[in-house]
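Asker: Each protein sequence line maps, in turn, to chains A and B.
Counted from 1, the first sequence has number 93 at position 93 by the working numbering; the numbering is strictly sequential.
Each position in the second sequence, counted from 1, maps to that position plus 151 in the working numbering.
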Amino acid sequence: MSTQTIHAIVGDLMAFEPVVVQANATLDEAASLLDLHGISGLPVVDRSGTLVGVLSQTDLLRARSTEYLWTNWPGLAVRHLMTSPAITVTRSTPLPLAARTMERRHIHRLVVVSDDDETVPIGILSVTDIVHAIAMGVGRDRDGRAEAEDD
Amino acid sequence: MQTVPQPSRYPGLHAIVDGSEAIAHVETRLSEIACVYPITPSTTMAAIFQAAVAEGQSNLWGTPLGFIEPESEHSSASAAEGAALAGSRVTNFTAGQGLVLMKEVLYVIAGKRLPVVFHVGARALTSQSLNIHAGHDDLMAVADTGWGMLLARNAQEAADLTAIARRVAEASETPFFVAQDGFLTTHTLENVRLPEDELLREFVGDPRLHIRNLFDPAEALMTGTVQNQDSYMKGRIGQRAYTERIPGLLAGAMMEWTALTGRAIAPVQPYRCEDAETILVAMGTIADTAISVVDHLRARGRAAGCVAVTSFRPFPAAELAEILGRAWAVAVVERTDEPTAAHNPLTREVRSALYDNAIDGHAVPRVLSVSAGLGSRDVAAGDLVAIFDEITRLHPGPLSHRVVGIRHPLAIERVPVDVRPLGAWSLRGHSIGGFGSVTTNKLVATLAGELFDKVVQAYPRYGSEKKGLPTTYYLTIADEPIRLHAELDTVDFVPVHAVSAFGTGDPLAGLVDGGTLFIQSPLTDPEAIWMSIPAATRAEILARRIRVTALDTAGLARAHAPRQDLEVRMQGVALVGVFLRVSPFAERAGLARNELLEAVRERLARFYGKRGGAVVEANLAVITAAYDGLLDVTGALEATSVPELTGAAR
Numbered sequence: 001m002s003t004q005t006i007h008a009i010v011g012d013l014m015a016f017e018p019v020v021v022q023a024n025a026t027l028d029e030a031a032s033l034l035d036l037h038g039i040s041g042l043p044v045v046d047r048s049g050t051l052v053g054v055l056s057q058t059d060l061l062r063a064r065s066t067e068y069l070w071t072n073w074p075g076l077a078v079r080h081l082m083t084s085p086a087i088t089v090t091r092s093t094p095l096p097l098a099a100r101t102m103e104r105r106h107i108h109r110l111v112v113v114s115d116d117d118e119t120v121p122i123g124i125l126s127v128t129d130i131v132h133a134i135a136m137g138v139g140r141d142r143d144g145r146a147e148a149e150d151d
Numbered sequence: 152m153q154t155v156p157q158p159s160r161y162p163g164l165h166a167i168v169d170g171s172e173a174i175a176h177v178e179t180r181l182s183e184i185a186c187v188y189p190i191t192p193s194t195t196m197a198a199i200f201q202a203a204v205a206e207g208q209s210n211l212w213g214t215p216l217g218f219i220e221p222e223s224e225h226s227s228a229s230a231a232e233g234a235a236l237a238g239s240r241v242t243n244f245t246a247g248q249g250l251v252l253m254k255e256v257l258y259v260i261a262g263k264r265l266p267v268v269f270h271v272g273a274r275a276l277t278s279q280s281l282n283i284h285a286g287h288d289d290l291m292a293v294a295d296t297g298w299g300m301l302l303a304r305n306a307q308e309a310a311d312l313t314a315i316a317r318r319v320a321e322a323s324e325t326p327f328f329v330a331q332d333g334f335l336t337t338h339t340l341e342n343v344r345l346p347e348d349e350l351l352r353e354f355v356g357d358p359r360l361h362i363r364n365l366f367d368p369a370e371a372l373m374t375g376t377v378q379n380q381d382s383y384m385k386g387r388i389g390q391r392a393y394t395e396r397i398p399g400l401l402a403g404a405m406m407e408w409t410a411l412t413g414r415a416i417a418p419v420q421p422y423r424c425e426d427a428e429t430i431l432v433a434m435g436t437i438a439d440t441a442i443s444v445v446d447h448l449r450a451r452g453r454a455a456g457c458v459a460v461t462s463f464r465p466f467p468a469a470e471l472a473e474i475l476g477r478a479w480a481v482a483v484v485e486r487t488d489e490p491t492a493a494h495n496p497l498t499r500e501v502r503s504a505l506y507d508n509a510i511d512g513h514a515v516p517r518v519l520s521v522s523a524g525l526g527s528r529d530v531a532a533g534d535l536v537a538i539f540d541e542i543t544r545l546h547p548g549p550l551s552h553r554v555v556g557i558r559h560p561l562a563i564e565r566v567p568v569d570v571r572p573l574g575a576w577s578l579r580g581h582s583i584g585g586f587g588s589v590t591t592n593k594l595v596a597t598l599a600g601e602l603f604d605k606v607v608q609a610y611p612r613y614g615s616e617k618k619g620l621p622t623t624y625y626l627t628i629a630d631e632p633i634r635l636h637a638e639l640d641t642v643d644f645v646p647v648h649a650v651s652a653f654g655t656g657d658p659l660a661g662l663v664d665g666g667t668l669f670i671q672s673p674l675t676d677p678e679a680i681w682m683s684i685p686a687a688t689r690a691e692i693l694a695r696r697i698r699v700t701a702l703d704t705a706g707l708a709r710a711h712a713p714r715q716d717l718e719v720r721m722q723g724v725a726l727v728g729v730f731l732r733v734s735p736f737a738e739r740a741g742l743a744r745n746e747l748l749e750a751v752r753e754r755l756a757r758f759y760g761k762r763g764g765a766v767v768e769a770n771l772a773v774i775t776a777a778y779d780g781l782l783d784v785t786g787a788l789e790a791t792s793v794p795e796l797t798g799a800a801r
């Protein structure tokens with residue numbers, strides 16, 4: 001990573017006020033949310049707004065291609081398919097650590113939680129955000145050459 | 152924790168003991184003689200050993216136990232040296248300055264390859280002031296004398312390491328220290344599986360078969376000579392032939408112990424480190440608390456892990472580098488502070504271990520050094536959470552040293568968390584030194600653990616003040632192992648020795664809303680008791696819906712104690728009745744009053760059986776009277792409609 005991205009933090013790139021889904025919502029409702037907002041994953045919260053997991057497009061796709069889950073589709077709620085606990089970072093987490101975490105855990109997004117209360121989702125950092133930042137030159141050195149990620 | 156698939160041959164004998172008793176149980180079976188000049192907090196170990204000597208006990212091979220108390224720690228180490236030279240299996244119990252005073256002799260014992268085992272209740276050293284509490288200053292001061300050094304996280308490991316150290320000491324002809332945190336382990340009651348006699352016979356074996364008698368006149372030798380340029384260095388470096396064998400012997404003995412007992416133990420003990428980005432490294436009780444903190448963070452999606460360094464000497468550098476090498480950042484938390492060194496001692500070792508990875512071109516984690524818990528300064532779970540937060544934010548570049556638990560520019564601020572096992576129930580008692588509260592807490596812990604088949608941890612907050620000043624004691628009861636070794640922020644029940652406790656401290660601090668308070672009071676009228684509580688405290692009790700109970704336990708003790716000198720003890724016994732009434736365990740166990748008291752009678756018979764049935768009955772009478780006579784102060788006032796209590800608060 002370049003000097004700039006090494007010193008960037010999650011807060012520099014994350015998307016604020018994430019679209020969330022209730023743990024008891026149906027899978028159709030979750031799919032509609034993904035479609036409506038053009039996103040690929042959702043933090044899952046319980047009735048009190050506490051973060052309880054993450055639901056991704058891949059989870060839904062896997063469910064549709066699994067016969068048992070597909071036949072039970074109408075009875076399934078988000079909480080049946082979500083990954084729990086959600087892998088989280090805070091705004092102040094260094095970007096290289098966030099990138100390492102996604103790479104090592106084979107996931108495409110991290111839920112950003114508040115520094116004061118780790119149960120409250122305040123944003124999302126996705127692989128796309130990092131790729132976008134690199135493309136837009138956050139990782140350019142002084143001569144304007146784009147640096148490849150070498151981490 | 153690893154689980155061993157097959158049932159182990161030696162699962163251990165259930166007991167509720169402190170770390171001192173745990174190791175004394177093993178040493179009185181293995182050793183032949185203790186050469187000791189006891190010092191706080193190692194004194195209890197020596198006291199138990201000497202009691203065994205006084206009772207004429209023999210070790211497992213029929214040798215009557217011996218006890219020598221010379222005039223200082225230096226002499227006690229020298230006496231141990233002499234006993235070991237003559238082929239005895241010898242032990243010693245020490246701490247703090249006592250250990251440092253021995254230092255000269257420690258080199259000699261190692262140089263002569265004498266396989267002794269010394270027990271240390273690790274203690275802070277006198278610096279700007281004296282302190283009798285936990286610290287690793289003493290251990291670090293003697294870490295380079297050529298001895299093995301094993302550190303227990305809890306009373307269980309103290310017992311297990313005692314046997315392991317003895318086996319490896321004799322196999323490698325190297326002396327060993329077995330260390331546990333002073334007071335935090337030496338004086339904390341926990342559920343322990345004590346090693347069976349058969350296990351010790353098999354695993355450690357007869358001293359006659361394992362220890363050389365270097366004073367055998369038939370095979371004369373010279374020892375303790377002077378060597379000059381021609382020989383001294385050859386002798387020193389020649390010792391490496393012995394020390395090189397220790398890591399293999401230690402790892403092998405620990406694997407065998409694990410297989411025999413089902414209790415996993417290893418020179419380095421990682422927990423959830425496989426995919427961890429942040430890892431905390433520590434020794435002693437902090438490494439135990441770290442386990443519950445890691446579980447807490449993992450449940451919140453954080454890739455956290457921890458490592459206990461059980462063998463500080465020999466230092467398992469390669470194993471540790473393997474575990475830490477892939478992490479993002481590592482925090483090394485130590486109970487000592489060496490500001491003139493490049494880093495604190497364990498941090499130096501960790502960084503040195505990682506250096507070999509770095510020169511091979513691998514990425515290495517950032518390493519933050521943290522001082523914590525010096526002189527038993529409380530190390531709360533929230534301090535360790537704050538350290539994990541800190542290293543999660545680390546950027547490349549030099550790191551400054553940090554501390555926790557005090558206000559200082561280097562300090563990291565504690566995060567409030569409760570990491571006790573789910574459903575845990577805790578009490579914090581307020582009393583006066585000399586009122587027998589430690590004994591009472593022991594009794595309550597043992598009864599609760601045995602009656603209700605629970606995991607317990609009882610910890611008195613000792614001070615150097617001794618008699619006549621306020622003291623507090625803690626007890627936690629749970630269904631799962633209690634890893635936290637800290638003062639409790641959250642408690643369910645607070646007994647106080649008198650209403651005056653409200654003037655000398657804050658007994659309501661940390662008591663959960665809706666929790667229970669017990670006041671020892673000579674008064675019998677609920678309204679009078681209520682009015683004896685300071686007005687501000689009454690207001691807080693109402694606002695937080697705290698249930699107030701009271702009883703004249705001193706009066707009960709006077710009425711039932713067969714002799715005046717037993718009154719204090721009997722007053723403590725009365726608190727057992729109060730505990731049984733206010734805690735939820737009898738109800739959860741489905742025990743009605745009579746069944747419960749019958750079960751208590753059985754336990755008391757085991758406790759006091761030797762002293763006769765009359766003592767058992769007198770104690771049971773006090774417990775029964777306290778159980779039946781407990782006054783529900785807030786309940787009684789509600790029923791009689793005292794204006795204060797019928798308002799919004801209820």
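Beta carbons are placed, not taken as given, at the ideal position from N, Cα and C, and that holds for glycine.
Ignore the nearest five residues each way along the sequence and tell me which others in Trp212 of chain B's own chain have a CB closer than 6 Å to its CB.
Answerer: The answer, listed in chain order, is Asp357.
Asker: Determine the burial state of Met300 of chain B: buried for a count of at least 16 other Cβ atoms within 10 Å of its Cβ, exposed for fewer.
Answerer: Buried is the call here.
Asker: With a CB to CB cut of under 7 Å and the five nearest residues on each side skipped, what residues in its chain are close to Phe586 of chain B?
Answerer: If we look at Phe586 of chain B and ignore the five residues flanking it on each side, its Cβ neighbours are His648 and Val719.
Asker: Does the beta carbon of Gly452 of chain B sit closer than 8 Å to a beta carbon anywhere in chain A?
Answerer: Output row for Gly452 of chain B: interface = yes.
Asker: So, Pro677 of chain B versus Asp703 of chain B, is the Cβ gap smaller than 8 Å?
Answerer: No, they are not a contact pair.
Asker: Give every residue of the same chain whose Cβ lies closer than 8 Å to the Cβ of Leu782 of chain B, excluding the five residues on either side of it in the sequence, and list them in chain order.
Answerer: The residues are Thr675, Pro677, Ile680, Thr700, Ala701 and Leu702.
Asker: Are Leu475 of chain B and Ile430 of chain B closer than 8 Å when you measure CB to CB?
Answerer: Contact: yes.
Asker: Near Asp640 of chain B, which residues of its chain fall below 6 Å by C-beta distance, leaving aside the five closest residues on each side in sequence?
Answerer: Gly661.
Asker: What three-state label does DSSP hand Trp73 of chain A in the structure shown?
Answerer: Three-state DSSP puts Trp73 of chain A in a helix.
Asker: Please confirm whether Pro94 of chain A and Leu51 of chain A have their CB atoms less than 8 Å apart.
Answerer: In this structure, Leu51 of chain A does not lie closer than 8 Å to Pro94 of chain A by Cβ.
Asker: I need the boundaries of the alpha helix (DSSP H) containing His80 of chain A, first residue and last residue.
Answerer: Here the alpha helix (DSSP H) through His80 of chain A covers Val78 to Leu81.
Asker: For Arg464 of chain B, list the residues DSSP reports as bridge partners.
Answerer: B:Met300, per the DSSP bridge assignment.
Asker: My assumption, with CB atoms under 8 Å, is that Val267 of chain B sits in contact with Val241 of chain B. Please give the rounded CB distance.
Answerer: That pair is a contact at about 5 Å.
Asker: Using a C-beta to C-beta distance shorter than 8 Å, which residues of chain A count as neighbours of Thr195 of chain B?
Answerer: Simply none; closest approach about 41 Å.
Asker: Look at the alpha carbon of Ser229 of chain B and the alpha carbon of His165 of chain B, and state the distance between them as a whole number of angstroms.
Answerer: The straight-line gap from Cα to Cα measures roughly 36 Å.
Asker: Output the distance between the C-alpha atoms of Gly526 of chain B and Gly75 of chain A, rounded to the nearest integer angstrom.
Answerer: Gly526 of chain B and Gly75 of chain A: Cα-Cα distance of roughly 58 Å.
Asker: What's the call for Val131 of chain A, buried or exposed, on a 16-neighbour Cβ count within 10 Å?
Answerer: Exposed: under 16 other Cβ atoms inside 10 Å.
Asker: Is Glu425 of chain B close to chain A? Criterion is C-beta to C-beta, closer than 8 Å.
Answerer: For Glu425 of chain B, the answer is no, since every Cβ of chain A falls outside 8 Å of its Cβ.
Asker: Answer yes if the stretch 709 to 718 of chain B comes into contact with the stretch 763 to 777 of chain B, meaning at least three C-beta pairs across the two stretches below 8 Å, and no otherwise.
Answerer: Verdict: yes, contact present.
Asker: Alpha carbon to alpha carbon, how far is Leu693 of chain B from Ala800 of chain B? Give it in angstroms, no decimals.
Answerer: Per-residue confidence for Ala800 of chain B stands at a pLDDT of 44, beneath the threshold of 50, marking its modelled position as unreliable; the derived number appears in the next sentence. Distance between the alpha carbons of Ala800 of chain B and Leu693 of chain B: 6 Å.
Asker: Look at the Cβ atom of Met253 of chain B, then the Cβ atom of Thr487 of chain B, and state whether they are nearer than 8 Å.
Answerer: Not a contact, by the Cβ cut-off of 8 Å.
Asker: Note down the Cα distance separating Glu67 of chain A from Leu60 of chain A, rounded to an integer number of angstroms.
Answerer: Roughly 13 Å between the two C-alpha positions.
Asker: Under 8 Å, do Leu345 of chain B and Ala173 of chain B count as touching if we go by C-beta distance?
Answerer: Contact: yes.
Asker: Between Gly233 of chain B and Pro418 of chain B, what straight-line distance do the alpha-carbon atoms span, to the nearest angstrom?
Answerer: Those two C-alpha atoms are separated by around 30 Å.
Asker: What residues in its chain sit with their C-beta under 8 Å from that of Glu485 of chain B, if we drop five residues either side in the sequence?
Answerer: Here the set comprises His287, Ala433, Met434, Asn495, Pro496, Leu497, Thr498, Ser520, Val521, Ser522 and Ala523.
Asker: In this structure, how does DSSP classify His636 of chain B when only helix, strand and coil are distinguished?
Answerer: Of the three classes helix, strand and coil, the one that applies to His636 of chain B here is coil, per DSSP.
Asker: What residues from chain B crowd round Ser92 of chain A, counting only those whose CB sits closer than 7 Å?
Answerer: Here the neighbours are Arg544.
Asker: Under 8 Å between C-beta atoms, does Trp479 of chain B make it to chain A?
Answerer: Yes, its Cβ sits closer than 8 Å to a Cβ of chain A.
Asker: Near Trp479 of chain B, which residues of its chain fall below 7 Å by C-beta distance, leaving aside the five closest residues on each side in sequence?
Answerer: Within the same chain, Trp479 of chain B has close Cβ partners Glu428, Thr429 and Pro516.
Asker: In whole angstroms, what separates the C-alpha of Val595 of chain B from that of His581 of chain B?
Answerer: If I take the Cα positions, the gap works out to 15 Å.
Asker: Ignoring anything shorter than 4 residues, give me the alpha helix (DSSP H) runs that lie fully in the stretch 710 to 741 of chain B, in order along the chain.
Answerer: The qualifying runs are 718 to 733 and 736 to 739.
Asker: Could you check the C-alpha separation between Tyr422 of chain B and Glu222 of chain B for me, to the nearest Å?
Answerer: Cα to Cα, Tyr422 of chain B sits roughly 44 Å from Glu222 of chain B.
Asker: Relative to the C-alpha of Ala309 of chain B, which candidate in B:Ala185, B:Arg449, B:Asp630 and B:Gly170 has its C-alpha closest?
Answerer: When only C-alpha atoms are compared, the closest one is B:Gly170.
Asker: At a threshold of 7 Å, does Ile122 of chain A count as lining the ligand GDP (C-beta to nearest heavy atom)?
Answerer: In terms of ligand content, the structure shown is empty, and the ligand GDP therefore cannot be addressed.
Asker: DSSP puts Gly816 of chain B in a beta bridge; with which residues?
Answerer: There is simply no residue 816 of chain B to check, as chain B begins at 152 and stops at 801 in what is shown.
Asker: If you scan the stretch 572 to 638 of chain B from start to end, which runs of the beta strand (DSSP E) of 3 or more residues do you find wholly inside it?
Answerer: As far as the stretch 572 to 638 of chain B is concerned, its whole beta strand (DSSP E) runs of at least 3 residues are 576 to 583, 606 to 612 and 621 to 629.
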